[in-house]
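In our numbering, the protein residues as written are 28 to 499. One structure below.
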Ligand SMILES: Cc1cc2nc3c(=O)[nH]c(=O)nc-3n(C[C@H](O)[C@H](O)[C@H](O)COP(=O)(O)OP(=O)(O)OC[C@H]3O[C@@H](n4cnc5c(N)ncnc54)[C@H](O)[C@@H]3O)c2cc1C
């Protein structure tokens, strides 16, 4: 039975007024504990600010843990084509490993994860992607906040702001009733730009022609996978792979038998740090928006129906999966794209594909333009020139109309195409660290973030070990 759906034009009513507890007053307030929020909180704390981070779930990590997104994509430049079956088998690439373009908080996270047995180091073997264990990610993220001296409040959903244009405080909802946290500077790392929109910042959604966004995907972990049996199949069927995607013969058999009928045409799987586990990214829910609870409910329903099909297909048709089972699905369907907050500069596809450089660079990216079709099958993939990285200017983090707010992560300012590149976790973490550093400098020196010169932010990021191609 599908969930409750939107019933045309719905009646409205006015809610009674209420009071709230003021839980904290801080230099910097970060809303959202995903990759961007983690980067922002640590970046702000390392810059000397008192920091509070607020997260709606009971754990940190955002899409990495709540949606089981795996792996952390490469933060290195690309030096050649990928090889068949690499994603799941982590085979050596047939070319050099590329140069890292992101360091700072990301490097620290990856080092800690590797030390805890929760990640595979970026290397030639992995093509520089970093397969992760989501449970260890949650633990390491907490350790990073503890070590940086960041205070946090979990199970708290930010529903509104006090003030317009200048945010006096953020309103949080939870089991304790409404709570307010005040801060001099705020970083919106909600992925959806929730705070920026409540404060009156302009935003865009989706592609220019029809406003449609990339599809959602419910990710899941298959346990008791037999890597040797799978590898033998891949070795014997090299013609059934195109880059990271394969199993075409088996997919077609299942489709002909009426046992597989998915919006996505291929099966995408990734290795994890555990030999007997595979991460599956093959469901696709189109024409839904992650800021709409009716759409989200429908997406969870459709995602789970598709997961059932994919898991049954793997068990029945694919060598290595006969004894496997679904160990976990995302606590939330994975959301690739919602609002993009319009800021002082909007990053474009040309900026990404021409690997443009900006004097106010505060983060860099190497990930291709990667647009999963908003209406059905197919994915557009456009790579940067080999060996290149693009710059993200500080202006992309400074929303128009609101003076004490920065955005970080997947809701920063850019076009639909550019977003499809900077949305990946390493880049979100880097823009988060930059937003945190700028928010801290602004708050500690009594200036609005947009009056902080980029050179000051770059110097601070350089001090924190970020990689800004030598600018800092
Ligand atoms: C299906 C899928 C596959 C992907 N594949 C990859 C991949 O292979 N590699 C890769 O690197 N990236 C991948 N990505 C992209 C990447 O996971 C996300 O874009 C990235 O996590 C965005 O980081 P973020 O911190 O900006 O937002 P999010 O990860 O969305 O984190 C936002 C955080 O804010 C919290 N939050 C939101 N609203 C509120 C609120 N109002 N109040 C309080 N808290 C709030 C959320 O609970 C969450 O913890 C994928 C994404 C999806 C959906």
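Using N, Cα and C, we set each Cβ at its ideal position, and we do this for glycine too.
Cα atoms of residue 254 and residue 322: separation of roughly 37 Å, rounded to the nearest angstrom. Under the DSSP definition of a beta bridge, residue 214 partners with 57, 433. Per DSSP, the beta bridge partners of residue 356 are 247. If you draw a straight line from the Cα of residue 169 to the Cα of residue 491, it is about 19 Å long.
Shown here, residue 172 sits in a helix according to DSSP, grouped into three states.
Judged by their CB atoms, residue 289 and residue 259 are not nearer to each other than the 8 Å cut-off. In the DSSP assignment, residue 365 forms no beta bridge with any residue. Assigned with DSSP and collapsed to three states, residue 296 falls in strand.
Residue 209 has its Cβ no nearer than 7 Å to any heavy atom of ligand 1.
Contact annotation, residue 53 with residue 78: C-beta distance approximately 6 Å; criterion of less than 8 Å satisfied. Note on geometry: alpha-carbon atoms of residue 348 and residue 251 lie some 7 Å from one another. Assigned with DSSP and collapsed to three states, residue 426 falls in strand. In the structure shown, the three-state DSSP call for residue 91 is helix. According to the DSSP secondary-structure assignment, residue 103 is paired through a beta bridge with 127. The segment 447-464 makes contact with the segment 394-405, as at least three CB pairs between them are under 8 Å.
Residue 311 is a Cβ neighbour of residue 244, given a cutoff of 8 Å.
Contact between residue 105 and residue 374 is absent: CB atoms are separated by about 19 Å, not below the 8 Å threshold. Ranked by how close their Cα comes to the Cα of residue 160, the residues 303, 443, 281, 229 have 303 in first place. In terms of Cβ geometry, residue 421 and residue 377 do not form a close pair [threshold 8 Å].
Judged by their CB atoms, residue 167 and residue 139 are nearer to each other than the 8 Å cut-off. A distance below 8 Å separates the beta carbons of residue 390 and residue 457. Taking every protein chain shown into account, the CB of residue 213 has 16 or more other CB atoms within 10 angstroms, so this residue is buried. Per the coordinates, the alpha-carbon of residue 285 lies some 11 Å from the alpha-carbon of residue 340. Annotation for residue 258: the continuous alpha helix (DSSP H) segment containing it runs 254-263. No heavy atom of ligand 1 is found nearer than 7 Å to the CB of residue 334. DSSP links residue 232 through a beta bridge to 366. Between the alpha carbons of residue 220 and residue 353 lies a distance of about 32 Å. Here the distance from the Cβ of residue 437 to the nearest heavy atom of ligand 1 is below 7 Å. Rounded to whole angstroms, residue 234 and residue 329 show a C-alpha spacing of 23 Å.
When the beta-carbon positions are compared, residue 435 and residue 74 stay at least 8 Å from each other.
For residue 308, the CB falls within less than 7 Å of some heavy atom of ligand 1. At a cut-off of 7 Å, the beta-carbon of residue 363 counts as near ligand 1: some heavy atom of the ligand is closer than that. For residue 416, same chain residues with a beta-carbon under 7 Å away, outside a window of 5 residues either side, are 104, 128, 382, 391, 392, 393 in chain order.
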